[in-house]
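J.: Numbering (my numbering), first residue to last: 1 to 112. All C-beta atoms in this analysis are idealised placements derived from N, C-alpha and C, irrespective of residue type, glycine included. Got a structure for you, questions after.
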């Protein structure tokens, strides 16, 4: 996950490896729109599963439980309202207890 912008809106790039699963979660405040850039994604919204491919767009309203995976890997762009650190609620409560569940990458460019 690469966060590009986090102001009144947020833009992220999510890169998923083959077989990787994003666990079921929901947000109380954040609305998310995902734009599939590469690959095919299986997305569960509530109790319904959908398959999305390149160019397709999915909007997820606050409170809607969602989960996604990709068989062969993929890239999606997330454009959402502001990301709040305390607004991701996982169905599996153990996930939130794992403080090492995410890897953050920073890139600094030295300007002369």
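Give me the Cβ distance between residue 14 and residue 78, rounded to the nearest whole Å; I'm assuming they're in contact under 8 angstroms.
T.: As a first step, residue 14 is located in the chain shown; it is residue number 14 there, counting from the start. As a first step, residue 78 is located in the chain shown; it is residue number 78 there, counting from the start. Confirmed, about 6 angstroms.
J.: Is it the case that the CB of residue 100 approaches a heavy atom of the ligand PLP more closely than 7 angstroms?
T.: No copy of the ligand PLP occurs in the structure displayed, which carries no ligand at all.
J.: Under 8 angstroms by Cβ, that's how I've got residue 20 and residue 90 pegged, so tell me the actual separation to the nearest angstrom.
T.: Position 20 of the chain shown holds residue 20. Position 90 of the chain shown holds residue 90. Residue 20 to residue 90, Cβ: 16 angstroms. No contact.
J.: DSSP three-state call for residue 12: helix, strand or coil?
T.: For the purposes of this step, residue 12 is taken as residue 12 along the chain shown, with counting starting at 1. Reduced to three states, the DSSP call for residue 12 is strand.
J.: Under a three-way DSSP split, which group does residue 49 fall into?
T.: As a position in the chain shown, residue 49 is number 49, starting the count at 1. In the three-state reduction of the DSSP assignment, residue 49 falls in the strand class, which pools E and B.
J.: Taking a contact to mean a Cβ-Cβ separation below 8 angstroms, would you say residue 22 touches residue 67 in this structure?
T.: As a first step, residue 22 must be located in the chain shown, where it is residue number 22. As a first step, residue 67 must be located in the chain shown, where it is residue number 67. In contact: residue 22 and residue 67 (Cβ atoms closer than 8 angstroms).
J.: Could you tell me which of 64, 37, 38 and 98 sits nearest to residue 48, measuring between CA atoms?
T.: On the chain shown, residue 48 is found 48 positions in, with the first residue counted as 1. Out of 64, 37, 38 and 98, 64 has the C-alpha closest to the C-alpha of residue 48.
J.: With 16 other CB atoms within 10 Å as the buried threshold, where does residue 53 fall?
T.: The count along the chain shown starts at 1 and reaches residue 53 at position 53. Under this definition residue 53 is an exposed residue.
J.: Please list, in chain order, all residues of the same chain as residue 96 whose beta carbon is under 7 angstroms from its beta carbon, the five residues on each side excluded.
T.: As a working mapping, residue 96 is identified with position 96 in the chain shown. Answer for residue 96: 90, listed in chain order.
J.: Using beta-carbon positions only, say whether residue 94 and residue 62 come within less than 8 angstroms of one another.
T.: Locating residue 94 in the chain shown gives position 94, where the first residue counts as 1. Locating residue 62 in the chain shown gives position 62, where the first residue counts as 1. No, the Cβ-Cβ distance between residue 94 and residue 62 is not below 8 angstroms.
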